[in-house]
Amino acid sequence: MAGGTWNTQNKVRPGVYINFVSEAKPLGTVGERGITALALSLPWGPEKQVIMVEAGADTMDVLGFDITSPALLLVRESLKRAKTLLLYRLNVGVKATATAGDLVATALYSGERGNDITVVVQANIDEPTKFDVKTLVSGVEVDVQTVATIAELTDNGWVTWSGTGDLTATAGVNLAGGTNGTATNADHTSFLAALELQDFNTVGLAADDATLKPLYTAFVRRLREDEGKKVQAVVTNYPVADYEGVISVKNGVVLSDGTTITAAQAVAWVAGVTAGATVSQALTYTAYDDAVDVSPRYTNSQIEAALLAGEFVFTPSNGRAIVEQDINTLQSFTADKGRQFRKNRVLRVLDGIANDLKATFENYYLGKVDNNADGRNLLKSEAISYMNTLQAINAVQNFDAQTDVIFVAGNESDAVYAEIGAQPVDSVEKIYMKVRVK
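Under full-length UniProt numbering, read the sequence shown as residues 1 to 438, first letter to last.
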């Protein structure tokens with residue numbers, strides 16, 4: 001008896017031919033958020049490449065310091081709310097080196113952190129013909145190898161070895177000559193070029209540089225308008241951006257240990273918290289983690305002026321530093337872009353619709369379904385399912401599947417035209433009360 005699968009009913013032999021197909025179900029989902037990006041000058045780590053740092057991960061091996069170190073202040077601030085940091089080390093300096101007899105130790109990366117490395121070579125107690133070669137960082141042992149010759153040494157996460165011949169015992173030789181180098185504006189251009197290839201939600205510019213702010217603004221504008229990649233940039237004191245894709249941080253905060261975070265440094269936290277915010281979450285009145293005050297403070301009239309200018313302001317509240325209002329720099333409102341586009345919660349919903357449906361249609365439908373009524377109904381069903389999901393999590397409201405989604409044939413045989421009606425849910429931010437005294 002014959003069997004198998006079939007495409008058309010043209011089999012010759014008698015038999016049972018069976019096809020198994022999945023029941024039609026929506027394929028798209030609400031996308032995850034939480035990825036921010038920063039380019040920083042650091043004293044250690046891979047240069048000129050994007051590396052992924054997860055919240056809670058051990059940073060010692062890759063960045064050379066524990067996350068609590070002052071050297072990683074902005075890394076720590078960004079990961080207080082973000083899930084993932086795409087980090088790019090801007091600067092390239094000189095690698096520290098040291099010589100112990102014929103052995104040459106060179107720091108794995110350039111930077112001043114290499115000057116904290118010490119190499120100790122001592123005879124092995126159990127095998128007198130061999131040596132224990134230890135690598136210490138700030139006095140803490142990070143690697144030990146027992147070998148007889150230099151050639152047997154393997155590079156570790158801190159130093160590379162060179163030289164030939166026998167080892168010479170030494171109580172300890174410190175690596176020296178490591179320098180950080182200086183980052184240039186061209187390095188930021190290289191960072192943005194590398195970042196464009198990554199998936200992310202926000203990118204921060206943690207520097208008050210008048211030349212770089214327009215560069216970052218133009219970068220996100222191009223991604224949003226030309227590439228369909230809905231991301232936001234976070235900069236400091238740049239309300240003239242006048243664009244929903246740019247957040248301008250007005251001031252900084254004071255942490256509980258007395259550390260003052262400038263407005264430029266606060267960009268790291270704002271970029272992280274914005275990336276980590278869900279489509280149904282506003283950051284208005286959200287407290288900056290571990291902050292007890294703002295710096296500088298502003299008067300009521302100054303705060304109002306800043307808000308009207310589209311600035312992201314921190315204000316003091318009961319021993320905390322809170323976000324006064326979760327807004328971006330858009331000021332020039334039009335019929336196509338009204339005031340609601342200034343609210344970042346609303347924008348996250350709209351950006352989510354754009355990003356998620358784009359990804360779903362590209363991954364599952366483009367080139368795979370027919371451009372006829374049945375194919376367009378598949379697209380429509382996908383969009384309806386997605387919008388219903390948004391409504392279920394209070395991201396949108398008043399969605400009507402019968403009237404708010406339209407998919408029709410476009411002008412070309414391979415084109416589809418669609419319209420989706422969406423009413424994002426905003427958060428309560430102003431309460432006006434009238435109290436009658438009896």
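Ideal Cβ placement from N, Cα and C applies to all residues, glycine included. Predicted, not measured: the structure shown is a model, and the values here were computed from it.
Whole-angstrom distance between residue j and residue i, CA atom to CA atom
i, j, result
"residue 261", "residue 252", "5 angstroms"
"residue 185", "residue 235", "15 angstroms"
"residue 308", "residue 249", "14 angstroms"
"residue 42", "residue 225", "33 angstroms"
"residue 198", "residue 228", "14 angstroms"
"residue 208", "residue 275", "21 angstroms"
"residue 95", "residue 338", "53 angstroms"
"residue 61", "residue 285", "36 angstroms"
"residue 10", "residue 4", "13 angstroms"
"residue 385", "residue 412", "27 angstroms"
"residue 405", "residue 231", "25 angstroms"
"residue 326", "residue 354", "21 angstroms"
"residue 279", "residue 349", "5 angstroms"
"residue 258", "residue 107", "34 angstroms"
"residue 403", "residue 255", "51 angstroms"
"residue 361", "residue 407", "13 angstroms"
"residue 431", "residue 367", "50 angstroms"
"residue 205", "residue 193", "15 angstroms"
"residue 123", "residue 117", "20 angstroms"
"residue 125", "residue 178", "33 angstroms"
"residue 67", "residue 75", "8 angstroms"
"residue 371", "residue 223", "28 angstroms"
"residue 56", "residue 152", "35 angstroms"
"residue 50", "residue 374", "43 angstroms"
"residue 162", "residue 139", "23 angstroms"
"residue 147", "residue 79", "41 angstroms"
"residue 150", "residue 137", "21 angstroms"
Residue i classed as buried or exposed, judged by whether at least 16 other C-beta atoms fall within 10 angstroms
i, result
"residue 352", "buried"
"residue 387", "buried"
"residue 305", "exposed"
"residue 164", "exposed"
"residue 58", "exposed"
"residue 376", "buried"
"residue 239", "buried"
"residue 281", "buried"
"residue 158", "buried"
"residue 319", "exposed"
"residue 110", "buried"
"residue 344", "buried"
"residue 213", "buried"
Close Cβ partners of residue i (< 8 angstroms) along its chain, the five nearest in sequence each way excluded
i, result
"residue 141", "134, 135"
"residue 340", "346, 424, 426"
"residue 34", "82, 83, 84, 201, 275, 276"
"residue 187", "39, 48, 90, 91"
Where the beta strand (DSSP E) containing residue i begins and where it ends
i, result
"residue 321", "320-323"
"residue 161", "159-162"
"residue 132", "131-137"
Range of the contiguous alpha helix (DSSP H) that encloses residue i
i, result
"residue 424", "It is not in any alpha helix (DSSP H) - residue 424 carries neither H nor E in the DSSP assignment."
"residue 174", "Here residue 174 belongs to no alpha helix (DSSP H); instead the beta strand (DSSP E) covers 170-174."
"residue 353", "344-364"
"residue 304", "300-308"
"residue 315", "Run containing residue 315: none in the alpha helix (DSSP H); it sits in the beta strand (DSSP E), 314-317."
"residue 216", "212-225"
"residue 247", "Premise fails: residue 247 lies in the beta strand (DSSP E), 246-249, not in any alpha helix (DSSP H)."
"residue 125", "Looking at the DSSP string, residue 125 is not in any alpha helix (DSSP H), and its letter there is neither H nor E."
"residue 189", "185-195"
"residue 295", "Taken as a continuous stretch (DSSP letters only), residue 295 belongs to no alpha helix (DSSP H), being part of the beta strand (DSSP E) at 291-295."
Beta-carbon contacts of residue i that lie in its chain and below 7 angstroms, excluding the five residues immediately before and after
i, result
"residue 315", "294, 303, 322, 324"
"residue 243", "217, 221, 329, 330"
"residue 112", "43, 178, 179, 180"
"residue 6", "17, 19"
Nearest-angstrom Cβ-Cβ length linking residue i and residue j, presumed shorter than 8 angstroms
i, j, result
"residue 247", "residue 312", "5 angstroms"
"residue 90", "residue 40", "6 angstroms"
Contact set for residue i: own chain, Cβ-Cβ below 6 angstroms, skip 5 residues either direction
i, result
"residue 241", "217, 329"
"residue 65", "71, 72"
"residue 37", "86, 195, 200, 203"
"residue 390", "396"
"residue 14", "none"
"residue 219", "192"
heavy atom of the ligand MG below 7 angstroms from residue i C-beta
i, result
"residue 406", "In the structure shown, the ligand MG is absent, as is every other ligand, since no ligand is present at all."
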